[in-house]
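Reading through the structure tokens given below for one structure.
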Amino acid sequence: MSRVEAGSIQVERVVKRFGDFEAVRGVSFGVGSGEVLGLLGPNGAGKSTLIRMMTALLPITEGEVVIGGCSVRTDPDGVRRRIGVLPQAMTSDTDLTVEENLSIYAKLYGLEAPRRRRSMEELLEAVDLVHKRKAMVRTLSGGMRRRLEIARGLIHSPRVFFLDEPTTGLDPVSRVRVWDLLKRLNREHGITMLLSTHHMDEADALCGRIAIVDQGTLVALDTSENLKRSVPGGRVGEEVSPGRKPTTLDDVFVHFTGHVISGKDPGGSGAGPEEEA
Numbered sequence: 001m002s003r004v005e006a007g008s009i010q011v012e013r014v015v016k017r018f019g020d021f022e023a024v025r026g027v028s029f030g031v032g033s034g035e036v037l038g039l040l041g042p043n044g045a046g047k048s049t050l051i052r053m054m055t056a057l058l059p060i061t062e063g064e065v066v067i068g069g070c071s072v073r074t075d076p077d078g079v080r081r082r083i084g085v086l087p088q089a090m091t092s093d094t095d096l097t098v099e100e101n102l103s104i105y106a107k108l109y110g111l112e113a114p115r116r117r118r119s120m121e122e123l124l125e126a127v128d129l130v131h132k133r134k135a136m137v138r139t140l141s142g143g144m145r146r147r148l149e150i151a152r153g154l155i156h157s158p159r160v161f162f163l164d165e166p167t168t169g170l171d172p173v174s175r176v177r178v179w180d181l182l183k184r185l186n187r188e189h190g191i192t193m194l195l196s197t198h199h200m201d202e203a204d205a206l207c208g209r210i211a212i213v214d215q216g217t218l219v220a221l222d223t224s225e226n227l228k229r230s231v232p233g234g235r236v237g238e239e240v241s242p243g244r245k246p247t248t249l250d251d252v253f254v255h256f257t258g259h260v261i262s263g264k265d266p267g268g269s270g271a272g273p274e275e276e277a
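Residues 1 to 277, numbered by UniProt numbering, are exactly what the sequence shown covers, in order.
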């Protein structure tokens, strides 16, 4: 399998019904190897349902999802081996150490001892938690714990990484640090990422293209700049006249969905002290 195939995502006319309710309505798009795609949409738009189908957590009613050449419908276990997932909620075990959390997941994926140790060392260094390897997770700041969970999601070296609201509940400094980490992982390792977020600045900072979902349908898919230009009167960069504000992703979101979304987050996940990001 080629590198391009290993990191690619193809979503073809995917439908999800719950009884008579159609939560996802014939969504199709592709994500290239090494791309970072942002997924935006109002609450109840179908984002979470779509991601759960793509990660083999929820059966697809109609259509197909292929990840790294592997079908979610016919080989869900194969898909799970090819992907990493960062859920919105903090799920690391607070009664274990950083190292123990990583080791458990490595064993679940069947990594033998030499590869397990190597992967743990590389990821602890990548997320800057080498000095916290023996620390209990309950003593970590929210930002540190999120970085641990990113490392945990990548322990088996997946080519595709799904992230659901990766910085929700974090303070501004920790959010930026997580952004920098994700950019570096994408740049240095070519990991394909699909990122669901309510933060417009996060989508702008991380995503090469942005998909907007509303009422179960894909209503827009393009780069941030092109989406901004598609809004009536939209202007970016040098196109902005003196005294006028540039078009923002918030403007784009309102244009395509009719909803106003707040990217503000009060910070502080209750996951631990925030003295160190």
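Here a beta-carbon is modelled for each residue, glycine too, at the ideal position from N, C-alpha and C. The structure displayed is predicted, hence computed values, not measured ones.
query = Which residues in the same chain have their Cβ closer than 6 Å to the Cβ of Thr49, if we skip the five residues on either side of it in sequence?
reply = The sequence position of residue 49 within the sequence shown is 49, counting from 1. Leaving aside the five residues that flank Thr49 on each side, the residues in its chain whose CB is nearer than 6 Å to its CB run, in chain order, Lys16, Ala23 and Val24.
inquiry  = Under 8 Å, with one C-beta from each stretch per pair, do the segment 127 to 136 and the segment 51 to 69 reach the 3-pair mark?
reply    = Taking 8 Å as the limit for Cβ pairs, the verdict is that the segment 51 to 69 does not touch the segment 127 to 136.
ask   = For the candidate residues Glu202, Asp201, Met200 and Leu206, whose alpha-carbon lies nearest to that of Thr192?
value = As a position in the sequence shown, residue 192 is number 192, starting the count at 1. Among Glu202, Asp201, Met200 and Leu206, the Cα nearest to that of Thr192 belongs to Leu206.
key: 4-residue-minimum alpha helix (DSSP H) runs that sit fully inside the segment 65 to 94, ordered along the chain   = 76 to 82, all fully within the segment 65 to 94.
query = In terms of residue numbering, what span does the beta strand (DSSP E) encompassing Gly30 cover?
reply = Position 30 of the sequence shown holds residue 30. Looking at the DSSP string, the run of the beta strand (DSSP E) that includes Gly30 is Phe21 to Val31.
ask   = Quick one: Cα of Gly32 to Cα of Val66, how far?
value = In the sequence shown, residue 32 corresponds to position 32, counting from 1. In the sequence shown, residue 66 corresponds to position 66, counting from 1. When rounded, the distance between both Cα atoms is 12 Å.
inquiry  = Taking the straight line between their C-alpha atoms, what separation do you get for Gly63 and Arg146?
reply    = Residue numbering aside, residue 63 sits at position 63 when the sequence shown is read from its first letter. Residue numbering aside, residue 146 sits at position 146 when the sequence shown is read from its first letter. If you take the alpha carbons of Gly63 and Arg146, they lie about 33 Å apart.
request  = Leaving out five residues on either side along the sequence, give the residues of the same chain with a beta carbon under 8 Å from the beta carbon of Asp20.
outcome  = As a working mapping, residue 20 is identified with position 20 in the sequence shown. Within the same chain, Asp20 has no close Cβ partners at all.
message = At 3 residues or longer, what runs of the beta strand (DSSP E) sit wholly inside the segment 86 to 169?
response = Counting whole runs of 3 or more residues, the segment 86 to 169 contains the beta strand (DSSP E) stretches 160 to 164.
ask   = Is there contact here, the segment 223 to 239 with the segment 249 to 257, by at least three beta-carbon pairs under 8 Å?
value = Yes: at least three Cβ pairs fall under 8 Å.
query = Does the beta-carbon distance from Arg159 to Tyr105 come in below 8 Å?
reply = Mapped onto the sequence shown, residue 159 falls at position 159. Mapped onto the sequence shown, residue 105 falls at position 105. It is not a contact, given that the beta carbons lie outside the stated cut-off.
request  = Compute the distance between the beta-carbons of Phe161 and Leu154, then report whether it is under 8 Å.
outcome  = Numbered from 1 along the sequence shown, position 161 holds the residue referred to as residue 161. Numbered from 1 along the sequence shown, position 154 holds the residue referred to as residue 154. Between Phe161 and Leu154, the gap from beta carbon to beta carbon is short of 8 Å.
ask   = In chain order, what residues of the same chain lie with their CB nearer than 8 Å to the CB of Ala45, ignoring the 5 residues before and after it?
value = If you number the sequence shown from 1, residue 45 lands on position 45. These residues qualify, in order along the chain: Val213, Asp214, Gln215, Gly216 and Thr257.
query = Taking DSSP as the reference, what is the three-state secondary structure of Ala56?
reply = For the purposes of this step, residue 56 is taken as residue 56 along the sequence shown, with counting starting at 1. If DSSP states are grouped into helix, strand and coil, Ala56 belongs with coil.
inquiry  = Among the candidates Cys70, Lys228, Glu149 and Ile83, whose CA atom is the shortest distance from the CA of Thr97?
reply    = As a first step, residue 97 must be located in the sequence shown, where it is residue number 97. If we check each option's Cα against that of Thr97, Glu149 comes out closest.
ask   = Going by other Cβ atoms of all chains shown within 10 Å of its Cβ, with 16 needed for buried, is Glu125 buried or exposed?
value = If you number the sequence shown from 1, residue 125 lands on position 125. Classification of Glu125: exposed, given that the 10 Å Cβ count is below 16.
query = In this structure, does DSSP put Ile9 in helix, strand or coil?
reply = Reading the sequence shown from its first residue, position 9 is the one you call residue 9. Correct three-state label for Ile9: strand.
request  = Classify Thr49 as helix, strand or coil using the three-state DSSP reduction.
outcome  = Taking the first residue of the sequence shown as 1, we reach residue 49 at position 49. It is helical.
task = Look at the alpha carbon of Asp222 and the alpha carbon of Asp95, and state the distance between them as a whole number of angstroms.
result = Numbered from its first residue, the sequence shown carries residue 222 at position 222. Numbered from its first residue, the sequence shown carries residue 95 at position 95. Each residue's alpha carbon lies about 43 Å from the other.
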